[in-house]
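Residue numbers (my numbering), protein chains in the order written: chain X, 232 to 735; chain W, 46 to 414.
Just so you know, even glycine gets a beta-carbon here, dropped at the ideal spot from N, CA and C.
Predicted model, so just to flag it, every value in this text is computed and none were measured.
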Amino acid sequence: MFRNKKRQQQASKNKDPKTIGDVLDHLGKSRDFVHFQHGNTHFSCWISYFRTLIDIDYVHRDVFPFLYSDSIRNMADIKDQLPLEKLIQTKDIHEIQSKLLEGYIIIQKDERSPECLIVPSVKIQGRQIEKSEVETSIIGPKETFVESIDTNINLIRKRIPVPQLTLKEIRVGKLSRTQVGIIYIDGIASEENVNTVLQRIQSLEVASLIDATMLALMITDNNWTIFPQFTDTERPDRVSGAVYEGKIAVLVDGSPNALILPSTIVEFFAAFDDYFLPWNISSAYRLLRLFAVALSALSSSLYVALLTYHYQLLPKDLLGSLISSRSSVPFDPVMEVLILEVMIELLREAGARLPTKVGQTIGIVGGIVIGTATVQAGLSSNILLIIIAMSALAAFITPNYRMATTIRFIRFPFIISAQMFGLLGIGMCFTYFVTHLIRLTSLGRPYIEPIFPFRASDLKDAFIRLPFQLQNSRPMFLRPGDPARMNTTRTSQEKGKKSPDIDE
Amino acid sequence: MRIKILLLCLFLLLLTGCLPSNIIDDILMVEAEGYDYLGKGQIMGTATMPNYVESGNPGSQGAGLPSTAAMMRYISGVTYDGKSLVDKFQPEGQRQLKIGKIRVMLFDDKLARHGLSKQLDFRNRDPDTPRDLTLAVVEGSTREMLTAADYQTQIPVSRYIQDLIQQNSQQNYPDSDLAQILYSYYGEYMDAFMPIIQKQGDHLALVGVAAFKKDKYVMKIDGDDVFVFKMLFQPFDQGVYDYEFARGKHIALRNVHTSASFKVRNGNSSSPDIYARVKISAQVRQAFPGSISKKNADHITKLLNRHLEWEARQLVHRFQTYRVDPLGLGNTVRSFTYRFDGHSWPDRYPHARFHCRVNVNIVQTGISQ
């Protein structure tokens, strides 16, 4: 305890740079820091930059020629003649330091003069916009976010060409000073929600921020829950759809994910593809996903409960095959289930960590070799293998990866409570999760909103998706500034007089 | 608080082993019980339980017996009437004997005539009793029926019996599941009935319905009369009635729908009038060539109506002479009568006048030309 205090005191003793000389001396220790004097007959100045951060081509082509030209006589001339829109002249040491570290060029009259001119020359290096790989879709847009925030904002802004689209910028992280962008449509997004987001992000006390999902965990309402409270997505179309709805998107520089706040639990089970299919088909798929979640969470624990305690409930035609396939298994049902569940989790984890090329072999090894070998070795029964494989498959149906991990994890408490009390245990565990979900909030809004508190109007886009002409209001959940999506009287107007096809 | 919850979870985890469990491959599930009456309050009890085949290599299916095939195992022993057979036979079982999946309970006709009150009371009391338990009376020995190895089918005998009874309950035989039997056994102004099965050589057959007076089997409804009984007892379809309208000339009808409605007059008098009105929609399944067509359907229908009416009256008359009421006529009278005098009903029942009107409507005669 005391040691920790001492360590924290030491950390705060780090000396701040007092003068520009301190800054330059300190940065000069890095090998990629360039600091040199430029001089010709009329004018001389000191130029410093990090050569790994600036766009060298750009500097040589567009900045230095002007500096070396004869018409430059003093610092003011530079400011006038450089054809750049954003030159800053400042004495603020902190700004100078941070700009240097972001890839700007500093120009000084003398080596130690506090007056600096900051020239933007940031090199943007990142990957191209690629096809979606995490949230794939068959039809619809394929673009995904990349690691550069400017590109990401561009992807959103070109889908929402309205002046009300507002971008707020906050720097997060004591050391990293990561750029965080908050995007919403002024007038549609609830002001309260915007203020909550701003306040939560501004009051963060962290050293660094690497990714948007990290930010989601930092600003979450409840730190103990296993349920994700904010949707993360790599699809700009999904983000813009949410922003049009009145939600708030948060982008983090260096992260290919955007956060959508606030979210309800049903949104995690809605794929964006649902909006590209006819409403009845997509509703059927949403219900299928709901069924898959129930199957995934409950099937293995039901197996444990039924085989351990409630043999009366087993269908009589299934008894024979269940018993004969279990007769050579030496374990109790719960051990058998846990062994197979852990095995599937190992396979999934191995598949996720391995390089792509080796990953395919893991699928074959895991699925075929281990699966059949376990049964043949008598470590588990045939029927259980099918159940576990089905529930693993069903867990991956969840479109959101973070929710999918939650669904996979949630079955373990169910299995253990099924072993403890049978069906009663499953009921108790279910009750626990339901009460937990009822108490959860996302940005202060109820997490399982269309169900509790019950909002019939929000059910239009929850478990089933009604046709677009009926989706004429924004979700009540968001308390939007402008609830109506469109003029309802006009959508319900008759299109015209019907004329018979065939004159009789 | 948090520590308390953690401790609670820990205790729950540690104490799970103390809960009795019924892991399905560690119990013996009794599938059929048979009771043969030996006289003087002694019975010979028989229980069968399947031993599911342990195939040598569970991964490679296909060889050997199918997984549903089971080696039946049976235990018999003499005990007193009303003893739980599971408790009696537990010393002979290497695993726990469990009653929760029992399919059939068989009583031989001697025990049925002696009375089933102890068995029915025991089954009613036992929470482990499954919902789809089938009760039946056996003509002959239940032990022989349950232990015989000469059946033409490989499926376990318990399943054979249950399938036989359940399948026929969809057709000519009336519903006689556990709920129905217990309801009519404990209910007022009605009596229970059970199907009767018989082992005929290498197969089993339903031969009629046993009508009970309280817990004693007193009257047998023959297989031919079961259609008439069911017609008065419950609405149904898919039954087949064979009518011999002239010597050697038959017509068989499959009923599409049958419903009976009752009316009662003078319910508290010494001889109440019970009016039954039965509507049958039927299609002709088989007919003597040229006997029925669109033209003369009316004629045959009239004959059939009169015949069925007569049969129904005869059947009820026999019930009245035996003083059994499997149709629940007493209950019908009660429901039609204001301030029904239930006390004197058993004395008035034999004198009740039963009137029956049957209306057969032939919806389809089939192709006849």
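In the three-state reduction of the DSSP assignment, K261/W falls in the strand class, which pools E and B. When the five nearest sequence neighbours on each side are left out, the beta carbons in the same chain lying within less than 8 Å of the beta carbon of N703/X are those of A715, R716, M717, T719, T722, in order along the chain. For M150/W, none of the residues of chain X pass the 8 Å Cβ criterion, the least Cβ distance being about 15 Å. About 7 Å separates the CB atoms of T539/X and V565/X; that is less than 8 Å, so the two are in contact. The C-beta of I68/W comes closer than 8 Å to at least one C-beta of chain X. G253/W is bridged by DSSP to I241/W, D267/W. Taking 8 Å as the threshold, the shortest C-beta distance from G551/X to chain W falls below it.
Listed along chain W, the residues sitting closer than 9 Å to M651/X by beta-carbon distance are L57, L58, L60, T61, L64. Here the C-alpha atom of L550/X lies approximately 18 Å from the C-alpha atom of E567/X.
Closer than 8 Å to the CB of K49/W there is not a single CB belonging to chain X. Bounds of any alpha helix (DSSP H) do not take in Q359/X, whose DSSP letter is neither H nor E.
Spanning the alpha carbons of S344/X and V350/X requires a straight line of approximately 17 Å. Classified as buried, V403/X has 16 or more neighbouring CB atoms from the shown chains inside 10 Å of its CB. Cα atoms of S622/X and V560/X: separation of roughly 21 Å, rounded to the nearest angstrom.
Following the DSSP letters along the chain, one finds P391/W inside the alpha helix (DSSP H) bounded by residues 390-393. The beta carbon of M634/X sits closer than 8 Å to the beta carbons of F458, P459, F499, F500 from its chain, once the five residues preceding and following it are set aside; these are given in chain order. T456/X does not reach chain W, its nearest Cβ partner there being about 16 Å away, counting only Cβ pairs nearer than 8 Å. In this chain, the alpha helix (DSSP H) harbouring K163/W covers 162-170. In terms of beta-carbon proximity, K261/W stays away from the interface with chain X, with every pair separated by 8 Å or more. Proximity of I554/X to chain W, defined by a Cβ-Cβ separation below 8 Å, is satisfied. Identification of residues in the stretch 560-574 of chain X having a C-beta nearer than 7 Å to some C-beta of chain W yields D563, P564, given in sequence order. Listed in chain order, the non-local C-beta contacts of G259/X below 7 Å within the same chain comprise H266, local neighbours out to five positions each way being set aside. By a beta-carbon distance limit of 8 Å, H159/W contacts Y82/W. Their separation comes to about 5 Å.
Close to L545/X, with beta-carbon spacing below 9 Å, are these residues of chain W in chain order: I69, K146.
Not a single C-beta of chain X is nearer than 8 Å to the C-beta of Y205/W. Along the stretch 266-329 of chain W, the beta strand (DSSP E) occurs as fully enclosed runs of 3 or more residues at 285-291, 294-310, listed in sequence order. Distance from the CA atom of P314/X to the CA atom of G334/X, rounded to whole angstroms, is 18 Å. DSSP places V290/X within a helical segment (H, G or I) once states are collapsed to three. Apart from the 5 residues on each side of it in sequence, M235/W sits with its Cβ closer than 7 Å to the Cβ of S229, D370, G373, G375, N376 in its chain, given in chain order. Closest option to V474/X, judged by alpha-carbon separation, among K389/X, S368/X, I251/X, L671/X: K389/X.
Taking 4 residues as the minimum length, the stretch 565-589 of chain X contains no alpha helix (DSSP H) run wholly inside it. Nearest C-alpha to K308/W among Y119/W, S214/W, S221/W, Y320/W: Y320/W.
Residue contact check for Y534/X against chain W: no CB pair falls below 8 Å. DSSP places L58/W within a helical segment (H, G or I) once states are collapsed to three.
Looking at the DSSP output, Q216/W bridges to nothing. For M46/W, no alpha helix (DSSP H) encloses it, and the DSSP letter there is neither H nor E.
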